[in-house]
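Q:
Numbering (this note's numbering), first residue to last: 99 to 431.
#1: With a threshold of 6 Å on Cβ separation, who are the neighbours of residue 314 within its own chain once the five nearest residues in sequence on each side are excluded?
#2: For residue 114, tell me which candidate among 136, 395, 169 has the shortest Cα-Cα distance.
#3: Is residue 232 helix, strand or coil by DSSP?
#4: Under 8 Å between the Cβ atoms of residue 219 and residue 198?
#5: I'd like the list of long-range same chain contacts for residue 109, defined as Cβ closer than 8 Å, with 5 residues on each side in sequence excluded.
#6: Looking at the secondary structure, which residues open and close the beta strand (DSSP E) in which residue 417 lies?
#7: With a CB to CB cut of under 7 Å and the five nearest residues on each side skipped, what residues in its chain are close to residue 255?
#8: On the DSSP letters alone, give me the boundaries of the alpha helix (DSSP H) that residue 456 sits inside.
#9: Would you mind working out which of 264, 345, 388, 332 sits nearest residue 362, comparing C-alpha positions?
#10: Is it buried or exposed for residue 343, if we count other Cβ within 10 angstroms and need 16 for buried?
#11: Name the two residues that bound the continuous beta strand (DSSP E) containing residue 316.
#12: Between which two residues does the alpha helix (DSSP H) holding residue 295 run?
#13: With 16 as the cutoff for other CB atoms within 10 Å, does residue 191 come out buried or exposed?
#14: Below 8 Å on the Cβ atoms is my contact criterion, and I expect residue 339 with residue 281 to pass it. Report the Cβ-Cβ distance as a whole number of Å.
#15: Taking 8 Å as the threshold (C-beta atoms), are residue 428 and residue 384 in contact?
#16: Give every residue of the same chain whose Cβ lies closer than 6 Å to the Cβ of residue 170, excluding the five residues on either side of it in the sequence, and list them in chain order.
#17: Kindly indicate which residue of 267, 217, 216 has the alpha-carbon position closest to the one of residue 345.
#18: Just the Cα atoms here: how many angstroms apart are residue 404 and residue 165?
#19: Name the two residues that bound the continuous beta strand (DSSP E) containing residue 168.
#20: Identify, in the order they occur along the chain, each residue of the same chain with its Cβ nearer than 7 Å to the Cβ of residue 357, setting aside the five sequence neighbours on each side.
#21: Within 10 Å of its beta-carbon, does residue 423 have 16 or more other beta-carbons around it, so buried, or fewer, so exposed?
#22: Since residue 274 contacts residue 309 with CB under 8 Å, what's their CB separation in whole angstroms?
#23: Where does residue 342 sit, in a helix, a strand or coil, going by DSSP?
#24: Tell me which residues share the same chain as residue 103 and place their Cβ nearer than 7 Å to its Cβ, disregarding the 5 neighbours each side in the sequence.
#25: Please classify residue 412: is it buried, with 16 or more other beta-carbons within 10 angstroms of its beta-carbon, or exposed?
#26: Assuming residue 329 is part of the beta strand (DSSP E), what are its boundary residues?
#27: Going by Cα to Cα distance, which pick from 168, 251, 360 is closest to residue 213?
#28: Give me the residue from 409, 141, 426, 420 with the minimum Cα distance to residue 163.
#29: In three-state DSSP terms, what is residue 375?
#30: Could you check what DSSP says for residue 369 in three-state terms: helix, strand or coil?
#31: Beta-carbon within less than 8 Å of residue 289's beta-carbon, same chain only, minus the 5 sequence neighbours each way: which residues are those?
#32: By the 10 Å Cβ neighbour count, where 16 or more other Cβ atoms means buried, how is residue 263 classified, buried or exposed?
#33: Could you tell me the alpha carbon to alpha carbon distance between residue 431 and residue 353, rounded to whole angstroms?
#34: From this set, 272, 389, 312, which residue's C-alpha is nearest residue 303's C-alpha?
#35: To which residues of the same chain is residue 277 closer than 8 Å at the C-beta, ignoring the five residues directly before and after it?
#36: Give the straight-line distance between the Cα atoms of residue 279 and residue 216, rounded to the nearest whole angstrom.
Below, the structure written as structure tokens:
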């Protein structure tokens, strides 16, 4: 039996993307007549059979729209971001939008993404931590843009965010109401806007309850490796706080492990809280008390907002904050 010809085979032969082949076979106007003709002729020669899928073109014959999702390669396989990406792709399918993924290795563009050079992108979503210069470069493409899980004070743009300040305030207040007074914070506020806001929430709660924020109880430096975190915790062993608010679950889980290495048990000797509610927060021992972030909903809201500004380019930019939910587990005494 002859091997079935796929779009990838045609794309490889012509030296173009699979997406270009797909658009050409659907006779989309964004592809030039010359390219469409070349693709159709090549497909016939190779014996390709184009099967139209239901739901690809919305009722009324309107062409399929493409949105480009920009991601730093560093977020690949990161639990938190994978849920947001799932929400984006799920909501896009509901509205007959095609999602093109563009992973960036560095902080600047090596070149303009092919899908944008080809003029087949109608809107952009960025997900994750990008530098201000990178986001300003993305805006120069002249397309509607929605930024997810990051914001830039100098840029009036459309943002989909978690209400990190309120969430961290409520987590800190939760510990205070449990009777804790010596409470520290773990996380570098300069790392991302979410970390900065969570640090602000912690500070506001401590101030509201007139409690001391002793710098010796917190680790605000960048701890990129577990060894760095372990070294800092070891130095603090004689002056540990009674509880620690962590900027995210990954840090909290690493902290519990580091504490165990220096014979400090959680929660018997120190209580630990996280933020995000990734699956590992429930699976670790002890189970991690954390703030649930509505990750899939963030992705869905990003697509919904992008659709609004794709239709109305003059829409006033908005910053949408999604609330968090406190999840109590065993890591707090």
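Beta carbons: idealized from backbone N, C-alpha and C, even for Gly.
Note that the coordinates shown come from a computational prediction; the quantities given were computed from them, not determined experimentally.
A: From the atom records:
#1: Within the chain shown, the letter at position 216 stands for residue 314. Excluding sequence neighbours, residue 314 sits near 337.
#2: As a first step, residue 114 must be located in the chain shown, where it is residue number 16. Sorting 136, 395, 169 by C-alpha distance to the C-alpha of residue 114 places 136 at the top.
#3: Looking up residue 232 in the chain shown gives position 134. Assignment of residue 232 by DSSP, reduced to helix, strand and coil, places it in the helix class.
#4: In the chain shown, residue 219 corresponds to position 121, counting from 1. In the chain shown, residue 198 corresponds to position 100, counting from 1. Yes, these two residues count as a Cβ contact at 8 Å.
#5: Sequence index remark: in the chain shown, residue 109 carries index 11 (1-based). In the same chain as residue 109, and ignoring 5 residues on each side of it, the C-beta atoms closer than 8 Å to its own belong to 115, 116, 118, 119, in chain order.
#6: Mapped onto the chain shown, residue 417 falls at position 319. Counting along the chain, the beta strand (DSSP E) containing residue 417 begins and ends at 417 to 420.
#7: Stepping through the chain shown from its first residue, residue 255 is reached at position 157. Around residue 255: 243, 245, 415.
#8: An answer regarding residue 456 cannot be provided, because it is not within the stretch 99 to 431 covered by the chain.
#9: Counted from its first residue, the chain shown places residue 362 at position 264. Looking only at 264, 345, 388, 332, the smallest Cα-Cα distance to residue 362 is reached by 332.
#10: Looking up residue 343 in the chain shown gives position 245. The residue is buried, with at least 16 neighbouring Cβ atoms inside 10 Å.
#11: The residue you call residue 316 lines up with position 218 of the chain shown. Premise fails: residue 316 is in no beta strand (DSSP E) and is neither H nor E.
#12: Against the chain shown, residue 295 aligns to sequence position 197. Per DSSP, residue 295 belongs to the alpha helix (DSSP H) from 291 to 306.
#13: The residue labelled residue 191 in the question sits at position 93 within the chain shown. Exposed is the call here.
#14: Counted from its first residue, the chain shown places residue 339 at position 241. Counted from its first residue, the chain shown places residue 281 at position 183. Cβ-Cβ separation between residue 339 and residue 281: approximately 6 Å, consistent with a contact (criterion under 8 Å).
#15: For the purposes of this step, residue 384 is taken as residue 286 along the chain shown, with counting starting at 1. For the purposes of this step, residue 428 is taken as residue 330 along the chain shown, with counting starting at 1. Yes; because the gap between Cβ atoms is below 8 Å, this pair is in contact.
#16: As a position in the chain shown, residue 170 is number 72, starting the count at 1. 202, 226.
#17: Translated into positions along the chain shown, residue 345 becomes position 247. Closest by alpha carbon: 267.
#18: Stepping through the chain shown from its first residue, residue 404 is reached at position 306. Stepping through the chain shown from its first residue, residue 165 is reached at position 67. Taking the straight line joining both Cα atoms gives about 9 Å.
#19: Within the chain shown, residue 168 is the residue found at index 70, counting from 1. Its beta strand (DSSP E) spans residues 163 to 170.
#20: Position 259 of the chain shown, counted from the start, is the residue given in the question as residue 357. If we look at residue 357 and ignore the five residues flanking it on each side, its Cβ neighbours are 331, 364, 368.
#21: The sequence position of residue 423 within the chain shown is 325, counting from 1. Burial call: exposed.
#22: Within the chain shown, the letter at position 176 stands for residue 274. Within the chain shown, the letter at position 211 stands for residue 309. Confirmed, about 7 Å.
#23: Position 244 of the chain shown, counted from the start, is the residue given in the question as residue 342. DSSP places residue 342 in strand when its eight states are reduced to three.
#24: As a position in the chain shown, residue 103 is number 5, starting the count at 1. Excluding positions up to five away in sequence, the list reads 144, 145, 146.
#25: The residue you call residue 412 lines up with position 314 of the chain shown. It counts as exposed.
#26: Residue mapping note: residue 329 aligns to position 231 of the chain shown, counting from 1. It is not in any beta strand (DSSP E) - residue 329 instead sits in the alpha helix (DSSP H) that spans 324 to 334.
#27: Translated into positions along the chain shown, residue 213 becomes position 115. Among 168, 251, 360, the Cα nearest to that of residue 213 belongs to 168.
#28: Stepping through the chain shown from its first residue, residue 163 is reached at position 65. Among 409, 141, 426, 420, the Cα nearest to that of residue 163 is on 409.
#29: Locating residue 375 in the chain shown gives position 277, where the first residue counts as 1. In the displayed model, residue 375 falls within coil according to three-state DSSP, outside both helix and strand.
#30: The count along the chain shown starts at 1 and reaches residue 369 at position 271. Three-state DSSP puts residue 369 in a strand.
#31: Mapped onto the chain shown, residue 289 falls at position 191. Excluding residues within five positions, the ones whose Cβ falls inside 8 Å are 227, 320, 345.
#32: The residue you call residue 263 lines up with position 165 of the chain shown. Buried is the call here.
#33: Within the chain shown, residue 431 is the residue found at index 333, counting from 1. Within the chain shown, residue 353 is the residue found at index 255, counting from 1. Straight-line Cα distance between these residues: approximately 16 Å.
#34: By 1-based counting over the chain shown, the position of residue 303 is 205. Looking from the CA of residue 303, the closest CA among 272, 389, 312 belongs to 272.
#35: Taking the first residue of the chain shown as 1, we reach residue 277 at position 179. Closer than 8 Å at the Cβ level, and outside the excluded window around residue 277, lies no residue.
#36: Along the chain shown, one-based indexing puts residue 279 at 181. Along the chain shown, one-based indexing puts residue 216 at 118. Rounded to whole angstroms, residue 279 to residue 216 spans 58 Å at the Cα level.
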